[in-house]
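Undergrad: Please find one structure pasted underneath; my questions will follow.
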Amino acid sequence: MASAYPSFHSLNPEPNPKPKPKVLSKPQSFRARFVPLVPRGKGAGIRSELTSLDFFQESTGGGGRLHVPQISPSSHMATSSASLAVVTSVALPPKRPKKNVLLFYCEEMRELAERIVLESDAIELRSISWRKFEDGFPNLFISNAHGIRGQHVAFLASFSSPKVIFEQLSIIYALPRLFISSFTVVLPFFPTGSYERMEDEGDVATAFTLARILSNTPISRGGPTSLVIFDIHALPERFYFGDYVLPCFESGVPLLKNRLQQLSDSENISIAFPDDGAWKRFHKQLQHFPVIICNKVREGNQRFVRLKEGDPRGRHVVIVDDLVQSGGTLIECQKVLAAHGAAKISAYVTHGIFPNQSWERFQYDNGVGPEHGMSNFWITDSCPLTVKEVQNRPPFEVLSLAGSIAAALQV
Amino acid sequence: MEKKAKKQIYLFHCAESEELARKVAEQSDSIQLQSIAWRKFDDGFPNLFINNAHDIRGQHVAFLASFSSPGVIFEQISAIFALPKLFIASFTLVLPFFPTGSFERMEEEGDVATAFTMARILSMIPKSRGGPTSVVIYDIHALQERFYFGDDVLPCFETGIPLLLQRLRQLPDADNITIAFPDDGAWKRFHMQLLNFPMVVCAKVREGDKRIVRIKEGIPEGRHVVIVDDLVQSGGTLIECQKVLTAHGAAKVSAYVTHAVFPKRSWERFVQNNADGSGNQFTYFWITDSCPFTVKEIDNRSPFEVISLASSIADALQI
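Protein chains in written order, with my numbering: chain A, 446 to 856; chain B, 922 to 1240.
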């Protein structure tokens, strides 16, 4: 059976070839008895030696038992070690069974919902009847409401415009009260987030309004509703939510990293941030790439994008941000990067908002220079209306959140 | 006895209620009109600015709302949630027409009561220094909907009937009026306010596949019958009632509804001297200005007559 636990080399490689003890990181749920060894250099902590490990999982498929042959202290420890604890049997943490989740969704998210269901046997699609009364107000019906009792339920929402909020909110407020065992709202893109600028008393923070409305989701039997949001614009917005929801902030950047690994020039990639805000949001997830940071500088009445740090010369530069609206900032960055010698320029945003078809400004470079266009423009499917428009249009490529959402539903 | 000093009220309003807000402000020196900049960002989300936010500190503030369609709810709610937190002395939300109220039929598990969603959203209005927000609503459709509101708001249920009574008194045949109710629901809602009139109550009865309006009690013969209900949608019920009343000898038939919802221009079937010869069934059709878009469209075309809620709202703001 494959080893469930990786072996770690000690962090300080010793010059003389003493047999290196294998170090296991100690998971909290282990009930093994370990005697802490005298720490050696860096990477101290609890170490033990377990050599030939035989372990197998019980056929019940719950946890496994790790059977370890008795190790006598004299066999192969180095001089400085204390006596080794003898571990006879250790219980592995039980493999957490997957939650069966019933997934409802708003119409505009139908495609993404269908993809999510393909990612996992444990997720089942359910439907709602979205009709309207004559006066335009919603006439909604949740099919098979009795059948969801005692089940984990999720709703995939999309607030692409103010007018679709009320009908989805009615569902969000209704589902938790149908005796379900837990409720999760997946709202990949949290709109209004980029407008929150309380500069004047009189500015109305609509992000706060939206957070308030969501925070009032009734509690289900499973307690507060989980609210899954991808790449929320302003990190402090997490504090806008009341105690009756559990915000769960995810990111689309892992999808980008996967995609970058597949590129033929994956060794030549640099990440560029259009401003400090983007750097703050994302640099930790992109640490192993060379970094370029831009910023906006005022010159008289105008504002220009300048290179603040980093060197794009000869590199395939990928501009990373959470969202794009008019695209003006990205285009300015592209110009500056091209002027400083970038070989190719691509962009990634989690949320392709692109109001008023602004995606049209983004041309494909067709293998010509980066001044003429981008090689790739990656967006996720958080904004379904845009996805419909750009899906087969280079440079656009859609990276689906389906896998990430399917995993988040298991939290 | 000392006359209670009138509260100074700063009255904000949504864009579609501007005319009604003006009329309310005209009713009293103590009501002052204020403004909000209702702009939109490129992606359609609201970009709002409350003008003179500093000046309203310590003042009684009100907001005249109108949820004529789901699309306008979010921008108005944003203003409604923001105003109480600007150090005002008290906050009153005037929402003359509470939509979704007539859809609330929890017949099956799975029916989604949007009235409850609406009440929940309003119940979230933050408290101001004056405590819970007062929410003024006219002729709410279902009486039990008063219980949908949480404790952080104070629902204040008003009615347009006194305005109707005033108008009826002015009619030349004021002593020949009978009130008719299209169903028991309307009777329950209104009969207590109309006790000095003879009454007729109609009912919908099933005959095979069809549903027909019949007179359950009362005598319309020779009378000017005024059908009273809280709202009108397609107008089908009113037309059926009118036919039955006329068949039973009513001399004239008029109607009053507080809320002229009339989706998809359904008011057109009531307009007198229609090209197709319909219309002309109603002598008067009184509506209030709770639904501003419809009121604009109808534009006082006969038989419609708009009775403004302005004076009633101005009084309610003094509560």
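Every residue, glycine too, gets a C-beta built ideally from N, C-alpha and C.
1. Identify the residues that DSSP records as bridge partners of Glu646(A): which are they?
2. Bridge partners for Glu569(A) per DSSP, in chain order?
3. Does Leu846(A) come within less than 8 angstroms of chain B when only Cβ atoms are used?
4. What are the boundary residues of the beta strand (DSSP E) that includes Pro583(A)?
5. Given that a residue counts as buried once 16 or more other Cβ atoms are within 10 Å of its Cβ, and exposed if not, what is Asn821(A)?
6. Who are the near neighbours of Thr1080(B) in its chain, counting only those whose CB is closer than 6 angstroms to its CB and skipping five residues on each side?
7. Identify the residues that DSSP records as bridge partners of Ser627(A): which are they?
8. With 16 as the cutoff for other CB atoms within 10 Å, does Met1039(B) come out buried or exposed?
9. Which whole-angstrom value is the C-beta distance of Gln593(A) and Phe635(A), which I expect to be below 8 angstroms?
10. List the residues of chain B whose Cβ lies closer than 8 angstroms to the Cβ of Phe586(A), in chain order.
11. Report the residue ranges of all beta strand (DSSP E) runs contained in full by the stretch 1114-1166 of chain B; include only those spanning at least 3 residues, in chain order.
12. So with Cβ pairs under 8 angstroms, would you call Ile610(A) a contact of chain B?
13. Within 8 angstroms of any Cβ in chain A, is that where the Cβ of Lys1217(B) sits?
14. Take the Cβ of Gln779(A) as the centre, count every other Cβ of all protein chains shown within 10 Å, and call the residue buried at 16 or more, exposed below.
15. What are the start and end residues of the alpha helix (DSSP H) that includes Gly797(A)?
16. 8 angstroms is my cut-off, CB to CB: does His591(A) come that close to chain B?
17. Any C-beta of chain A sitting closer than 8 angstroms to the C-beta of Leu1007(B)?
18. Select from the stretch 638-668 of chain A all residues with a C-beta closer than 7 angstroms to any C-beta belonging to chain B, and list them in chain order.
19. Round the Cβ separation of Ile1098(B) and Val1147(B) to the nearest angstrom and send it over; I've been treating them as touching at under 8 angstroms.
20. Using a Cβ-Cβ cut-off of 7 angstroms (strictly less than) and excluding sequence neighbours within five positions of Asp1210(B), which residues of its own chain qualify?
21. Less than 8 angstroms between CB atoms is the rule here; does Leu614(A) satisfy it with respect to chain B?
22. With H, G and I counted as helix, E and B as strand and the rest as coil, what does DSSP make of His761(A)?
23. State the DSSP-derived secondary structure class of Ala1107(B), mapped to helix, strand or coil.
24. Taking the beta carbon of His934(B) as the centre, do at least 16 other beta carbons fall within 10 Å, making it buried, or is it exposed?
25. Residues bridged to Asn968(B) by DSSP?
26. Beta-carbon separation of Leu672(A) and Leu659(A) under 8 angstroms?
27. For Glu805(A), is the classification buried or exposed, using 16 other Cβ atoms within 10 angstroms of its Cβ as the cut-off for buried?
28. Please find out if some non-hydrogen atom of the ligand NAD comes closer than 7 angstroms to the beta-carbon of Phe841(A).
29. Should Thr651(A) and Phe966(B) be called a contact, given that it needs their Cβ atoms to be closer than 8 angstroms?
30. May I ask you to list, following chain order, the residues of the stretch 616-628 of chain A that have a beta carbon less than 8 angstroms from some beta carbon of chain B?
31. Hey, would you say Phe582(A) sits closer than 8 angstroms to Pro1047(B), going by beta carbons?
32. Since Ala1003(B) and Val649(A) are thought to touch, with beta carbons under 8 angstroms apart, how far apart are those beta carbons, to the nearest angstrom?
33. Would you mind reading off the limits of the alpha helix (DSSP H) that contains Ala983(B)?
34. Report, in whole angstroms, the separation of the C-beta atoms of Ala1172(B) and His1145(B), which I expect to be a contact under 8 angstroms.
35. Hey, how far is the Cα of Leu1115(B) from the Cα of Phe1183(B)?
TA: Working from what's here:
1. Here residue 646(A) is taken as the residue at index 201 of the first sequence, counted from 1. According to DSSP, Glu646(A) bridges with Asp648(A).
2. Within the first sequence, numbered from 1, the residue matching residue 569(A) stands at position 124. For Glu569(A), which the question treats as bridged, DSSP gives the partners Leu547(A).
3. For the purposes of this step, residue 846(A) is taken as the residue at position 401 of the first sequence. Taking Cβ atoms only, chain B never reaches closer than 8 angstroms to Leu846(A), which makes this a no.
4. Translated into the one-based positions of the first sequence, residue 583(A) becomes position 138. 583-587 is the span of the beta strand (DSSP E), which, as asked, contains Pro583(A).
5. Walking along the first sequence from the start, residue 821(A) turns up at place 376. Classification of Asn821(A): buried, given that the 10 Å Cβ count is 16 or more.
6. Numbered from its first residue, the second sequence carries residue 1080(B) at position 159. Hits under 6 angstroms: Asp1060.
7. Indexing the first sequence from 1 puts residue 627(A) at position 182. Per DSSP, His597(A).
8. Here residue 1039(B) refers to the residue found at position 118 when the second sequence is read from its first residue. The residue is buried, with at least 16 neighbouring Cβ atoms inside 10 Å.
9. For the purposes of this step, residue 593(A) is taken as the residue at position 148 of the first sequence. For the purposes of this step, residue 635(A) is taken as the residue at position 190 of the first sequence. The identity of residue 593(A) in the sequence shown is Ile, whereas the question assumes Gln. At roughly 26 angstroms, the Cβ-Cβ gap does not stay under 8 angstroms, so Ile593(A) and Phe635(A) are not in contact.
10. Taking the first sequence and counting its residues from 1, one reaches residue 586(A) at position 141. Correct list: Glu1029, Gly1031, Asp1032, Val1033.
11. 1120-1128, 1131-1138, 1145-1153
12. By 1-based counting over the first sequence, the position of residue 610(A) is 165. Answer yes: the Cβ-Cβ gap between Ile610(A) and chain B drops below 8 angstroms somewhere.
13. Counted from its first residue, the second sequence places residue 1217(B) at position 296. For Lys1217(B), the answer is no, since every Cβ of chain A falls outside 8 angstroms of its Cβ.
14. Indexing the first sequence from 1 puts residue 779(A) at position 334. By the 10 Å Cβ count, Gln779(A) comes out buried.
15. Locating residue 797(A) in the first sequence gives position 352, counting from the first residue. That residue, Gly797(A), is in no alpha helix (DSSP H); its beta strand (DSSP E) goes 789-797.
16. By one-based count along the first sequence, residue 591(A) stands at place 146. So, interface residue.
17. Your numbering for residue 1007(B) matches position 86 in the second sequence. It does; some Cβ of chain A falls within 8 angstroms.
18. Tyr640, Glu646, Gly647, Asp648, Val649, Thr651, Thr654, Arg657, Ile658, Asn661
19. Sequence index remark: in the second sequence, residue 1098(B) carries index 177 (1-based). Sequence index remark: in the second sequence, residue 1147(B) carries index 226 (1-based). So it is a contact: roughly 6 angstroms between Cβ atoms.
20. What you label residue 1210(B) is simply residue 289 of the second sequence in a count that begins at 1. Closer than 7 angstroms at the Cβ level, and outside the excluded window around Asp1210(B), lie Leu941, Val1216, Val1227, Ser1229, Leu1230.
21. Here residue 614(A) is taken as the residue at index 169 of the first sequence, counted from 1. Judged by the 8 angstroms Cβ criterion, Leu614(A) is in contact with chain B.
22. As a working mapping, residue 761(A) is identified with position 316 in the first sequence. Strand at His761(A).
23. Locating residue 1107(B) in the second sequence gives position 186, counting from the first residue. Reduced to three states, the DSSP call for Ala1107(B) is helix.
24. By 1-based counting over the second sequence, the position of residue 934(B) is 13. By the neighbour-count rule (16 or more Cβ atoms within 10 Å), His934(B) is buried.
25. As a working note, residue 968(B) is residue 47 in the second sequence. Paired residues: Arg960(B).
26. Counting from one through the first sequence, the residue named residue 672(A) turns up at place 227. Counting from one through the first sequence, the residue named residue 659(A) turns up at place 214. The answer is yes: Cβ separation under 8 angstroms.
27. Translated into the one-based positions of the first sequence, residue 805(A) becomes position 360. That one is exposed.
28. Judged by which ligands are present, the structure shown has none, so any question about the ligand NAD falls away.
29. Here residue 651(A) corresponds to residue number 206 of the first sequence, with the count starting at 1. Here residue 966(B) corresponds to residue number 45 of the second sequence, with the count starting at 1. It is a contact, given that the beta carbons lie within the stated cut-off.
30. Ile616, Tyr618, Ala619, Leu623
31. Counted from its first residue, the first sequence places residue 582(A) at position 137. Counted from its first residue, the second sequence places residue 1047(B) at position 126. Taking 8 angstroms as the Cβ cut-off, Phe582(A) and Pro1047(B) do not qualify as a contacting pair.
32. Numbered from its first residue, the second sequence carries residue 1003(B) at position 82. Numbered from its first residue, the first sequence carries residue 649(A) at position 204. Rounded, the Cβ-Cβ distance is 5 angstroms, consistent with contact.
33. By one-based count along the second sequence, residue 983(B) stands at place 62. Careful: Ala983(B) lies outside any alpha helix (DSSP H), inside the beta strand (DSSP E) at 981-985.
34. For the purposes of this step, residue 1172(B) is taken as residue 251 along the second sequence, with counting starting at 1. For the purposes of this step, residue 1145(B) is taken as residue 224 along the second sequence, with counting starting at 1. With a Cβ gap of about 6 angstroms, Ala1172(B) and His1145(B) count as contacting.
35. For this step, residue 1115(B) is matched to residue 194 along the second sequence. For this step, residue 1183(B) is matched to residue 262 along the second sequence. Whole-angstrom Cα-Cα distance: 25 angstroms.
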